[in-house]
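Chemist: Please read through the structure below; I'll follow up with questions.
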Amino acid sequence: MRRRRLIERVLLSLVLGAALVLAALAGGRPVPGAPSCPMTPADSFWHADVSALPVLPQSATWVSSIGATAGLKADFGSGLWNGGPIGIPYTTVPGTQPRVPVSFTYADESDPGPYPIPPDAPIEGGSSSTGDRHVLLVDRDACRLWELYSAYPNGGGTSWSAGSGATWDLNSNAMRPLGWTSGDAAGLPILPGLVRYDEVVAGDIDHVIRFTAPRTAPAYVWPASHKAGTGGSSDPPMGTWFRLKASFDISGFSPQNQVILRALKKHGMVLADNGSSWYLSGVPDPGWNNTDLHALGSVPGSSFEAVDVSSLKISNTSYAVAGGSLPPPPPPPPPPTELVANPSFETGLTGWKVGEKRTTLARVCTVAHGGSCSAQLGRTRTGNATLDDSPNTVGSTAAGAIYAASAWVQAPAGRSLTLRLRELSGGTLVRTSLVTLTATGSWQQLAVTSAATAGSTSLSVEVVASLVAGSKAYADDVSLTRS
Numbered sequence: 030m031r032r033r034r035l036i037e038r039v040l041l042s043l044v045l046g047a048a049l050v051l052a053a054l055a056g057g058r059p060v061p062g063a064p065s066c067p068m069t070p071a072d073s074f075w076h077a078d079v080s081a082l083p084v085l086p087q088s089a090t091w092v093s094s095i096g097a098t099a100g101l102k103a104d105f106g107s108g109l110w111n112g113g114p115i116g117i118p119y120t121t122v123p124g125t126q127p128r129v130p131v132s133f134t135y136a137d138e139s140d141p142g143p144y145p146i147p148p149d150a151p152i153e154g155g156s157s158s159t160g161d162r163h164v165l166l167v168d169r170d171a172c173r174l175w176e177l178y179s180a181y182p183n184g185g186g187t188s189w190s191a192g193s194g195a196t197w198d199l200n201s202n203a204m205r206p207l208g209w210t211s212g213d214a215a216g217l218p219i220l221p222g223l224v225r226y227d228e229v230v231a232g233d234i235d236h237v238i239r240f241t242a243p244r245t246a247p248a249y250v251w252p253a254s255h256k257a258g259t260g261g262s263s264d265p266p267m268g269t270w271f272r273l274k275a276s277f278d279i280s281g282f283s284p285q286n287q288v289i290l291r292a293l294k295k296h297g298m299v300l301a302d303n304g305s306s307w308y309l310s311g312v313p314d315p316g317w318n319n320t321d322l323h324a325l326g327s328v329p330g331s332s333f334e335a336v337d338v339s340s341l342k343i344s345n346t347s348y349a350v351a352g353g354s355l356p357p358p359p360p361p362p363p364p365p366t367e368l369v370a371n372p373s374f375e376t377g378l379t380g381w382k383v384g385e386k387r388t389t390l391a392r393v394c395t396v397a398h399g400g401s402c403s404a405q406l407g408r409t410r411t412g413n414a415t416l417d418d419s420p421n422t423v424g425s426t427a428a429g430a431i432y433a434a435s436a437w438v439q440a441p442a443g444r445s446l447t448l449r450l451r452e453l454s455g456g457t458l459v460r461t462s463l464v465t466l467t468a469t470g471s472w473q474q475l476a477v478t479s480a481a482t483a484g485s486t487s488l489s490v491e492v493v494a495s496l497v498a499g500s501k502a503y504a505d506d507v508s509l510t511r512s
């Protein structure tokens with residue numbers, strides 16, 4: 030009876046999960062880490078094709094204001110810069126995430142709290158940054174986006190202070206009230222306009238890209254709702270839309286950069302904040318090749334033109350665009366195949382081993398995330414405890430294929446948790462992709478994506494918990510899929 034109930038629960042979860050994913054796909058591509066949520070509705074301006082729209086009369090003047098000879102810049106990458114990640118990070122949280130109070134400098138134009146901010150929420154520039162310090166969160170159950178500007182935790186994250194904050198229903202095209210800011214100077218959401226590594230690896234960016242300019246007019250145009258400039262009429266207002274000229278030759282750029290440049294020709298980029306000239310915003314990711322991204326600097330500002338998007342607008346208070354302006358939606362991708370043979374430890378520990386001495390591994394059925402059992406890791410001496418697949422889950426990769434790993438882990442609060450994918454050629458490590466979180470004492474999901482750098486390599490999944498001697502960590506519902 031117990032086994033039958035477990036099977037029924039699994040089948041019900043699969044059916045509900047499939048329905049949620051299909052709903053998200055119908056509304057636009059899902060948010061990585063929140064598969065039931067669209068990044069934006071499919072008819073949002075973010076997905077509009079502006080490649081055939083007319084050029085604005087002010088185009089040359091505004092390009093000159095931003096910098097006709099200034100080069101394009103990817104303001105994102107891998108690794109650290111001045112101690113912080115390069116780009117604007119985001120995270121997803123469950124609907125049960127405790128909400129904490131937030132006090133705002135610009136409270137009259139901010140959505141009041143409380144906000145579902147975990148104590149370890151990633152901050153743009155890192156915890157010690159003195160920059161914009163954006164914090165971006167997606168409630169993956171409610172499909173709601175929360176964004177903060179100049180965010181600082183108080184009392185270990187029991188409350189926060191911020192310059193401004195806003196929240197959006199990801200299934201809605203409703204704009205901010207006209208004249209209101211958000212976490213961004215233009216009053217726009219930030220997350221939908223960020224360049225992400227996973228979409229570049231997939232070969233297509235299906236949205237407008239956020240960018241900055243050093244001087245803006247004291248005005249805004251749709252789709253923006255807020256101004257933040259002190260310039261004049263020779264400077265572009267917030268919300269101005271630019272695209273890369275169709276005549277610009279991108280054939281000499283790397284495949285990675287060509288994906289970005291194609292998006293700039295088709296969807297363009299929207300002016301969302303004051304900053305450096307032609308700086309594109311994106312999400313930090315260990316997969317980025319910083320040297321390659323730097324090559325985008327050879328694209329001069331004179332290669333861009335401001336476009337007239339007035340034909341797209343339906344309303345001053347909606348992000349929705351006229352239906353004829355949208356390209357046909359892409360067919361939904363095939364569902365990924367689960368590669369982990371024993372993901373939930375319901376029948377034992379087959380396919381798993383410990384990664385070092387003084388680490389213990391046991392199957393327990395008193396603590397679990399999804400089913401009835403989980404893998405328990407322990408240490409007889411303080412150090413890392415690694416749950417390692419054995420043999421490697423993927424024996425032979427396909428070059429360029431995208432592998433997505435995730436795992437649910439519970440460990441004592443304050444300890445470090447890591448999920449990593451290790452690509453190996455024989456016994457030689459080719460590449461490691463990883464994500465690290467600080468344990469809260471509750472179940473937390475870690476997720477990491479990697480593109481195989483070479484064919485016929487193997488891929489190993491490892492869950493690592495930093496433990497003091499005698500303490501325990503639990504892993505469950507480990508997944509690895511290929512798409």
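Counted from 1, the sequence shown has number 360 at position 331 by the working numbering; the numbering is strictly sequential.
All residues carry an ideal CB built from backbone N, CA and C; glycine is no exception.
(1) Please confirm whether residue 95 and residue 242 have their CB atoms less than 8 Å apart.
(2) Beta carbon of residue 420, beta carbon of residue 507: below 8 Å?
(3) Compute the beta-carbon to beta-carbon distance between residue 269 and residue 91, rounded to the nearest angstrom, for a pair I have assumed lies under 8 Å.
(4) For residue 384 and residue 415, which I take to be in contact (beta-carbon distance under 8 Å), what is that distance rounded to the nearest angstrom?
(5) Using a 10 Å radius around the Cβ and a threshold of 16 neighbouring Cβ atoms, would you call residue 404 buried or exposed?
(6) Going by DSSP in three states, residue 176 sits in which element: helix, strand or coil?
(7) Tell me whether residue 110 is buried or exposed, calling it buried when 16 or more other Cβ atoms sit within 10 Å of its Cβ.
(8) Does the segment 111-128 come close enough to the segment 333-345 that 3 or more CB-CB pairs lie under 8 Å?
(9) Quick check on the DSSP output: the alpha helix (DSSP H) that includes residue 295 runs from which residue to which?
(10) What does the Cβ neighbour count give for residue 125, buried or exposed, with the cut at 16 atoms within 10 Å?
(11) Put residue 528 into one of helix, strand or coil per three-state DSSP.
(12) Measuring alpha carbon to alpha carbon, tell me which of 203, 181, 159 ends up nearest residue 193.
(13) Out of curiosity, what's the CA-to-CA distance linking residue 459 and residue 452?
(14) Provide the residue span of the beta strand (DSSP E) that contains residue 467, from first to last.
(15) How would you label residue 258, buried or exposed, when you count the other beta carbons within 10 angstroms and need 16 or more for buried?
(16) Of all the alpha helix (DSSP H) runs that stay within the bounds of the segment 193-246, which reach a length of 4 or more residues?
(17) If we count the other Cβ atoms within 10 Å of its Cβ and call it buried at 16 or more, is residue 514 buried or exposed?
(18) By the DSSP assignment, the beta strand (DSSP E) with residue 303 in it spans what residues?
(19) Using three-state DSSP, classify residue 95 as helix, strand or coil.
(20) Give the C-beta separation of residue 128 and residue 145 to the nearest angstrom, bearing in mind that I take them to be a contact with Cβ-Cβ under 8 Å.
(21) Give me the Cα-Cα distance between residue 264 and residue 97, rounded to the nearest whole angstrom.
(22) Determine the DSSP secondary structure at residue 325, reduced to helix, strand or coil.
(23) At the level of alpha carbons, what is the spacing between residue 425 and residue 63?
(24) Can you give me the start and stop residues for the beta strand (DSSP E) that residue 126 sits inside?
(25) Tell me residue 267's beta-bridge partners as DSSP assigns them.
(26) Round the Cβ separation of residue 434 and residue 476 to the nearest angstrom and send it over; I've been treating them as touching at under 8 Å.
(27) Quick check on DSSP: helix, strand or coil for residue 107?
(28) Helix, strand or coil for residue 487 per DSSP?
(29) Have a look at 135, 197, 212, 143 and flag the residue whose alpha-carbon is nearest the alpha-carbon of residue 153.
(30) Determine whether the beta carbon atoms of residue 418 and residue 490 lie at a separation below 8 Å.
(31) Within 10 Å of its beta-carbon, does residue 206 have 16 or more other beta-carbons around it, so buried, or fewer, so exposed?
(32) Give a yes or no on whether the C-beta atoms belonging to residue 349 and residue 340 are separated by under 8 Å.
(33) When we look at the beta-carbon of residue 104 and count the other beta-carbons within 10 Å, is it buried (16 or more) or exposed?
(34) Does DSSP put residue 191 in a helix, a strand or coil?
(35) Report all residues from its chain with a CB closer than 7 Å to the CB of residue 160; omit the five preceding and five following residues, and keep chain order.
Modeler: Quick look at the numbers:
(1) Reading the sequence shown from its first residue, position 66 is the one you call residue 95. Reading the sequence shown from its first residue, position 213 is the one you call residue 242. Contact flag set, yes.
(2) Counting from one through the sequence shown, the residue named residue 420 turns up at place 391. Counting from one through the sequence shown, the residue named residue 507 turns up at place 478. Against a cut-off of 8 Å, the Cβ pair of residue 507 and residue 420 comes out as no contact.
(3) For the purposes of this step, residue 269 is taken as the residue at position 240 of the sequence shown. For the purposes of this step, residue 91 is taken as the residue at position 62 of the sequence shown. That belief holds up - the Cβ atoms of residue 269 and residue 91 are roughly 7 Å apart, short of 8 Å.
(4) If you number the sequence shown from 1, residue 384 lands on position 355. If you number the sequence shown from 1, residue 415 lands on position 386. Right, the Cβ-Cβ distance comes to about 3 Å (below 8 Å), so this counts as a contact.
(5) Here residue 404 refers to the residue found at position 375 of the sequence shown. Buried, by the Cβ-count rule.
(6) Along the sequence shown, one-based indexing puts residue 176 at 147. Here residue 176 sits in strand by DSSP.
(7) Numbered from 1 along the sequence shown, position 81 holds the residue referred to as residue 110. Under this definition residue 110 is an exposed residue.
(8) no
(9) Taking the sequence shown and counting its residues from 1, the one referred to as residue 295 is at position 266. Here the alpha helix (DSSP H) through residue 295 covers 284-295.
(10) Taking the first residue of the sequence shown as position 1, residue 125 is located at position 96. Burial call: exposed.
(11) This structure cannot settle anything about residue 528, because the visible part of the chain is limited to 30 through 512.
(12) On the sequence shown, position 164 is the one that residue 193 refers to. Residue 193 has its Cα closest to that of 181, out of 203, 181, 159.
(13) By 1-based counting over the sequence shown, the position of residue 459 is 430. By 1-based counting over the sequence shown, the position of residue 452 is 423. Taking the straight line joining both Cα atoms gives about 5 Å.
(14) Indexing the sequence shown from 1 puts residue 467 at position 438. First-last of the beta strand (DSSP E) with residue 467: 457-467.
(15) Within the sequence shown, numbered from 1, the residue matching residue 258 stands at position 229. Flag for residue 258 reads buried.
(16) 226-231
(17) With the chain running from 30 to 512 in the structure shown, residue 514 is simply not present.
(18) For this step, residue 303 is matched to residue 274 along the sequence shown. Segment 298-303, the beta strand (DSSP E) holding residue 303.
(19) The residue given as residue 95 occupies position 66 in the sequence shown. Helix.
(20) Locating residue 128 in the sequence shown gives position 99, counting from the first residue. Locating residue 145 in the sequence shown gives position 116, counting from the first residue. The pair is a contact, with the Cβ atoms about 5 Å apart (cut-off 8 Å).
(21) One-based indexing of the sequence shown puts residue 264 at position 235. One-based indexing of the sequence shown puts residue 97 at position 68. Taking the straight line joining both Cα atoms gives about 13 Å.
(22) The residue you call residue 325 lines up with position 296 of the sequence shown. Note: residue 325 maps to helix in three-state DSSP.
(23) Walking along the sequence shown from the start, residue 425 turns up at place 396. Walking along the sequence shown from the start, residue 63 turns up at place 34. Near 29 Å, if we compare the C-alpha coordinates of residue 63 and residue 425.
(24) Position 97 of the sequence shown, counted from the start, is the residue given in the question as residue 126. Careful: residue 126 lies outside any beta strand (DSSP E) and carries neither H nor E.
(25) Within the sequence shown, numbered from 1, the residue matching residue 267 stands at position 238. BP columns for residue 267 point to 249.
(26) Here residue 434 is taken as the residue at index 405 of the sequence shown, counted from 1. Here residue 476 is taken as the residue at index 447 of the sequence shown, counted from 1. That pair is a contact at about 7 Å.
(27) Working through the sequence shown from its first residue, we reach residue 107 at position 78. Note: residue 107 maps to coil in three-state DSSP.
(28) Taking the sequence shown and counting its residues from 1, the one referred to as residue 487 is at position 458. Note: residue 487 maps to strand in three-state DSSP.
(29) As a working mapping, residue 153 is identified with position 124 in the sequence shown. With distances taken between Cα atoms, residue 153 lies closest to 212.
(30) To locate residue 418, count along the sequence shown from 1; it is residue 389. To locate residue 490, count along the sequence shown from 1; it is residue 461. Cβ atoms of residue 418 and residue 490: closer than 8 Å.
(31) Position 177 of the sequence shown, counting from 1, holds the residue named residue 206. When all chains shown are included, residue 206 counts as exposed.
(32) Locating residue 349 in the sequence shown gives position 320, counting from the first residue. Locating residue 340 in the sequence shown gives position 311, counting from the first residue. No.
(33) Your numbering for residue 104 matches position 75 in the sequence shown. By the 10 Å Cβ count, residue 104 comes out buried.
(34) For the purposes of this step, residue 191 is taken as the residue at position 162 of the sequence shown. Note: residue 191 maps to strand in three-state DSSP.
(35) As a first step, residue 160 must be located in the sequence shown, where it is residue number 131. Same-chain partners within the cutoff: 153, 154.
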